[in-house]
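In the numbering used here, the protein residues as written are 4 to 260.
1) Would you list the residues sitting across from residue 235 in a DSSP beta bridge?
2) Within 10 angstroms of the Cβ of residue 253, are there 16 or more other Cβ atoms? Answer buried if so, exposed if not.
3) Per DSSP, what kind of secondary structure is residue 246 in: helix, strand or coil?
4) Within the same chain, show all residues whose beta-carbon is closer than 6 angstroms to that of residue 194, passing over the 5 residues directly before and after it, in chain order.
5) Please classify residue 21 as buried or exposed, where buried requires at least 16 neighbouring CB atoms within 10 angstroms.
6) Since residue 213 and residue 237 are thought to touch, with beta carbons under 8 angstroms apart, how far apart are those beta carbons, to the nearest angstrom?
7) Restricting to Cα atoms, I'd like to know which of 27, 184, 15 is closest to residue 6.
8) Taking DSSP as the reference, what is the three-state secondary structure of residue 7?
9) Per DSSP, which one or two residues make a beta bridge with residue 66?
10) Could you please give the first and the last residue of the uninterrupted beta strand (DSSP E) stretch that includes residue 261?
11) To the nearest angstrom, how far is it from the Cα of residue 44 to the Cα of residue 74?
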């Protein structure tokens, strides 16, 4: 028996496969695109390529598009799945999670895979992956190069607006003044971590170990800036972007026959 977790996010769809011994044997990510149903069809094709028998597997879905996953025996919220995934990746001790997603940012306190408190910025794209994507496009930079450019800044440029629309206008003005891409890129990352801190400070116990999940967890410089902003080291994991899918797979493993 294999256990499949599918996390259909607003930007990307993540899939994780867990074996009987709890080992994560497969992970892959696909762009969500405009149709969750098309994405699910591509996920099923990829699983079949990996010789995973869907009929002999259990599946749990999570994320915005979880209801569209017809093969799932159960559908669970992403908050719950991120906590379960964090237990698999980081252990069961009390911790705080920061998940910077495509359309929202979540901060979660959990212990042993159980959610104790959470807050979510889902009313504005500031402080999310979408914010960074929009700003990277305006700078004509790939998302994965924002980190590199920001490291090479010559000054700490502050982007004053916390609204994505106004921040983009602010960046257009900076470009018109000849401000370097490096300095603007740093300002974008700084804006993101400041917005994340606003959410994080709402948690009752901010002294717990902190872990970053989501698509930006591989951005090492963002981790450094976020650590500086919170005043404590923020950790991550090479599979942390799959935390939701891994949590869903762990939940699938607990489904009774």
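Don't be surprised by glycine CBs; every beta carbon is placed ideally from N, CA and C.
On the basis of the supplied data:
1) DSSP lists no partner for residue 235.
2) buried
3) helix
4) 162
5) buried
6) 5 angstroms
7) 27
8) strand
9) 11
10) Here the chain has residues from 4 to 260 only, and residue 261 is not among them.
11) 11 angstroms
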